[in-house]
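Here the structure is laid out as structure tokens; the discussion comes afterwards.
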Amino acid sequence: MSFALGVVFGIAFGLAIIVAFVKSENARSKQRTDLASGIAAFARMTVEDSRKIFTPEQYPSWVVFSNQQKLAWLNSHLEKIWPYVDEAASELVKSSVEPILEQYRPVILASLKFSKFTLGTVAPQFTGISIIEDGSEGITMELEMQWDGNPSIILDIMTYVGVALPVQVKNIGFTGIFRLIFRPLVDEFPCFGAVCYSLRQKKKLDFTLKVIGGDMTAIPGLSDAIEGTIRDAVEDSITWPVRKVIPILPGDYSDLELKPTGVLEVKLVQAKELTNKDLIGKSDPFAVLYVRPLRDRMKKSKIINNDLNPIWNEHFEFVVEDPLTQHLVVKIYDDEGLQSAELIGCAHICLNELEPGKVKDIWLKLVKDLEIQRDQKNRGQVHLELLYCPNGMNNGLSNPFSQNESMTSLERVLKNSAEGKEASPNGSEINNRREVIVRGVLSVTVVSAEDLPPADIGGKADPYVVLIMKKAQIKNKTRVVNESLNPVWNQTFDFVVEDGLHDMLMLEVWDHDTFGKDFMGKCILTLTRVLMEGEYKDTYELAEAKSGKLNLHLKWNPQPIYRDYQ
Numbered sequence: 001m002s003f004a005l006g007v008v009f010g011i012a013f014g015l016a017i018i019v020a021f022v023k024s025e026n027a028r029s030k031q032r033t034d035l036a037s038g039i040a041a042f043a044r045m046t047v048e049d050s051r052k053i054f055t056p057e058q059y060p061s062w063v064v065f066s067n068q069q070k071l072a073w074l075n076s077h078l079e080k081i082w083p084y085v086d087e088a089a090s091e092l093v094k095s096s097v098e099p100i101l102e103q104y105r106p107v108i109l110a111s112l113k114f115s116k117f118t119l120g121t122v123a124p125q126f127t128g129i130s131i132i133e134d135g136s137e138g139i140t141m142e143l144e145m146q147w148d149g150n151p152s153i154i155l156d157i158m159t160y161v162g163v164a165l166p167v168q169v170k171n172i173g174f175t176g177i178f179r180l181i182f183r184p185l186v187d188e189f190p191c192f193g194a195v196c197y198s199l200r201q202k203k204k205l206d207f208t209l210k211v212i213g214g215d216m217t218a219i220p221g222l223s224d225a226i227e228g229t230i231r232d233a234v235e236d237s238i239t240w241p242v243r244k245v246i247p248i249l250p251g252d253y254s255d256l257e258l259k260p261t262g263v264l265e266v267k268l269v270q271a272k273e274l275t276n277k278d279l280i281g282k283s284d285p286f287a288v289l290y291v292r293p294l295r296d297r298m299k300k301s302k303i304i305n306n307d308l309n310p311i312w313n314e315h316f317e318f319v320v321e322d323p324l325t326q327h328l329v330v331k332i333y334d335d336e337g338l339q340s341a342e343l344i345g346c347a348h349i350c351l352n353e354l355e356p357g358k359v360k361d362i363w364l365k366l367v368k369d370l371e372i373q374r375d376q377k378n379r380g381q382v383h384l385e386l387l388y389c390p391n392g393m394n395n396g397l398s399n400p401f402s403q404n405e406s407m408t409s410l411e412r413v414l415k416n417s418a419e420g421k422e423a424s425p426n427g428s429e430i431n432n433r434r435e436v437i438v439r440g441v442l443s444v445t446v447v448s449a450e451d452l453p454p455a456d457i458g459g460k461a462d463p464y465v466v467l468i469m470k471k472a473q474i475k476n477k478t479r480v481v482n483e484s485l486n487p488v489w490n491q492t493f494d495f496v497v498e499d500g501l502h503d504m505l506m507l508e509v510w511d512h513d514t515f516g517k518d519f520m521g522k523c524i525l526t527l528t529r530v531l532m533e534g535e536y537k538d539t540y541e542l543a544e545a546k547s548g549k550l551n552l553h554l555k556w557n558p559q560p561i562y563r564d565y566q
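End of the sequence shown = 566 in the UniProt record's numbering, gap-free, step of one.
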């Protein structure tokens with residue numbers, strides 16, 4: 001009986017294993033079929049299909065979708081005709097570049113001219129072309145070009161001390177994107193009136209300088225001066241937004257030429273958590289700001305010694321030619337005295353992110369290289385207030401109290417002006433203007449703080465706040481709230497401010513102890529927002545602290561000073 005029962009159970013168990021195995025194989029077969037179908041579907045998928053399915057964040061960093069078309073046919077033909085292009089273009093480029101080099105000629109040189117200029121035997125390679133849909137009445141295309149050429153370029157340099165040096169420019173490596181604009185479109189062949197060309201983006205420009213039969217280091221600073229001259233000449237002659245206009249059909253094409261479109265006002269407020277570049281002590285940071293990297297249009301801040309959280313509160317003004325494509329670049333350096341300054345970090349912001357006539361308050365993260373954004377190291381942040389004012393915007397009148405310096409656009413926005421006429425004794429009319437000085441009373445209510453870091457052994461703190469007007473050095477402080485990390489003060493302080501545009505409010509939180517005090521954090525505010533809004537409430541995170549926030553209420557009561565002048 002037991003034997004028969006064992007046989008039955010054995011057969012049943014075997015059948016169960018066979019059934020499970022068959023089902024498993026069927027399931028695996030179905031999975032393989034579905035996987036094959038999915039792979040086949042992916043193989044048929046276009047770029048547009050993938051963009052509908054996946055968000056940009058889901059793509060790996062190495063996946064790049066390019067809108068450019070290949071130009072193998074153009075490169076093939078260009079190689080054939082390059083000897084003729086070289087002969088025709090060399091003299092044209094030479095005659096066009098020489099006046100620009102003379103314009104940027106370093107003061108240590110008496111003359112700077114080409115004695116030989118040929119483009120060599122290696123033709124450039126065009127690696128892609130794309131059409132730009134910018135909504136304009138014309139056709140805009142961009143050509144990416146790469147050139148590792150072997151040109152023969154010799155500069156004849158004469159110094160004021162009578163030394164003549166033939167300098168060879170060699171090992172040129174260039175990668176960039178040229179923009180071509182065909183505009184306006186007309187009903188006459190070739191269907192466009194003019195062609196504009198410009199270097200839209202300069203990705204790489206490398207070259208070496210060598211004195212023929214001599215040593216470049218014979219004259220200190222000569223190599224850097226010549227290299228800077230060449231780079232400035234390229235930047236100012238052809239780099240966007242500069243453009244060259246070639247008329248094809250008769251007509252007026254002045255609207256295609258480079259023209260200033262507005263002014264960018266920048267207040268460099270402060271930086272925080274900068275990387276320390278010094279082995280002994282702290283970095284001595286300063287900032288360089290520019291919209292176009294020309295030496296005469298770059299602005300430099302003052303140097304703040306031995307500080308990784310510098311406060312500048314400086315104003316700068318920049319001419320803007322194309323707010324849709326231009327950027328403001330900020331580079332923070334560590335001053336090294338007689339040696340070259342060391343870069344701490346840099347940042348930029350597109351001007352098309354600014355709303356004309358409105359101040360933008362922004363913190364920008366510093367990176368090592370603007371071209372390579374995958375920089376995870378914390379190099380610090382820089383605090384800016386930005387205002388873009390297009391030409392034609394009514395920003396007020398000049399400042400009568402500063403005869404040598406005109407007002408910045410930020411000052412013109414914040415200051416009110418009035419015009420009137422009165423009769424003179426002889427009956428003629430006299431135009432009078434009234435100008436307003438930004439003076440008033442700033443009321444600051446320190447409402448409360450949240451999540452302060454513990455400063456005492458018992459895990460509590462006895463916090464109070466010190467308020468400082470930086471320029472006037474006026475101080476006030478709240479009462480001490482004992483044993484609290486979320487203190488409530490609700491205390492109001494009034495400050496008479498003589499120069500609201502250039503003063504700052506600093507708030508420092510301290511822990512009160514019987515035999516001293518401990519720093520708990522701070523926040524720094526410009527007065528721009530309260531000047532424009534009149535009154536606001538906001539919460540500010542504490543800097544130089546592990547945690548903590550301050551809740552503030554600010555109110556501005558203007559007491560304008562008027563001065564009539566003719």
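Just so it is clear, CB atoms sit at the ideal spot from N, CA and C, and this is done for glycine as well. Quantities reported herein were computed from a predicted structural model and do not represent experimental measurements.
Where Asn171 falls: helix, strand or coil (DSSP): strand
Coil, strand or helix - Lys202 by DSSP: strand
Leaving out the 5 sequence neighbours to the left and right, which residues in its chain are closer than 8 Å to Ser2 when beta-carbon positions are compared? none
Just to confirm, are Ile311 and Pro285 a CB contact at a threshold of 8 Å? no
In this structure, how does DSSP classify Gln376 when only helix, strand and coil are distinguished? coil
Just to confirm, is the Cβ distance from Thr239 to Lys272 under 8 Å? no
Can you tell me the Cβ-Cβ gap for Val319 and Val245, rounded? I've got them flagged as a contact below 8 Å. With a Cβ gap of about 20 Å, Val319 and Val245 do not count as contacting.
Rounding to the nearest angstrom, what Cα-Cα distance links Asp296 and Gln103 in this structure? 12 Å
From Thr229, Val266, Thr55, residue whose alpha carbon lies closest to that of Ile108: Thr229
Looking only at C-alpha atoms, which of Leu143, Phe21, Val195, Lys267 sits nearest to Leu387? Lys267
I'd like to check one pair, His327 with Leu351: are the Cβ atoms closer than 8 Å? yes
May I ask you to list the residues that DSSP assigns as paired with Thr208? Lys170
Using a 10 Å radius around the Cβ and a threshold of 16 neighbouring Cβ atoms, would you call His77 buried or exposed? exposed
Is it buried or exposed for Arg44, if we count other Cβ within 10 angstroms and need 16 for buried? exposed
For Cys346 versus Leu384, is the C-beta spacing smaller than 8 Å? no
When you compare the CB positions of Asp503 and Asp511, do they come within less than 8 Å of one another, or not? no
Just to confirm before moving on: does the CB-CB distance between Arg292 and Glu235 stay below 8 Å? yes
Taking only the alpha-carbon atoms, compute the straight-line gap between Gly500 and Leu467 and give it to the nearest angstrom. 16 Å
Length-filtered (3 minimum) beta strand (DSSP E) runs lying within the UniProt domain "C2" (421–540): 429–437, 440–450, 463–469, 474–477, 488–497, 504–513, 516–526
In this structure, how does DSSP classify Leu397 when only helix, strand and coil are distinguished? Bear in mind that a pLDDT of 33 at Leu397, under 50, signals an unreliable position, so the number given afterwards is only what the model happens to contain. Correct three-state label for Leu397: coil.
Using a Cβ-Cβ cutoff of less than 6 Å, which residues in the same chain neighbour Ser301 once the five nearest sequence positions on both sides are dropped? Leu268, Phe286, Ala287, Trp312, Glu314
Nearest residue (CA-CA) to residue 569, options Gln559, Leu364, Ala455, Asp361: Only positions 1 to 566 of the chain appear in this structure, which leaves residue 569 out of reach.
Cβ-Cβ distance between Phe192 and Arg200 below 8 Å: no
Where Asp278 and Leu222 are concerned, what is the direct C-alpha to C-alpha distance, given to the nearest angstrom? 29 Å
Using a Cβ distance threshold of 8 Å, determine whether the region 165–173 contacts the region 141–156, with at least three qualifying pairs required. yes
Can you tell me whether Asn309 is helix, strand or coil according to DSSP? coil
Applying the criterion that 16 or more other CB atoms from any shown protein chain within 10 Å of the CB defines a buried residue, is Ser283 buried or exposed? buried
In terms of alpha-carbon separation, which member of Asp322, Val496, Ser29 lies closest to Leu256? Asp322
Spatial neighbours of Gln146 in its chain, beta-carbon cut-off 6 Å, leaving aside the 5 residues before and after: Gln125, Thr127, Thr175
Please report the distance separating the alpha-carbon of Ile344 from that of Lys331. 8 Å
Of the residues Val382, Val195, Arg32, Ile212, the one placed nearest Met141, counting alpha carbons only: Val195
Where does the unbroken beta strand (DSSP E) through Asn551 begin, and where does it stop? 549–558
Using only the alpha-carbon positions, how far apart do Ser115 and Ile181 sit? 33 Å
State buried or exposed for Tyr333, treating a residue as buried only when at least 16 other CB atoms are found within 10 Å of its CB. buried
Which same chain residues end up closer than 8 Å to Val481 when comparing Cβ atoms and leaving out the 5 residues on each side of it in sequence? Asp462, Pro463, Tyr464, Pro487, Val488, Trp489
Nearest-angstrom Cα separation, counted from Cys389 out to Leu92: 39 Å
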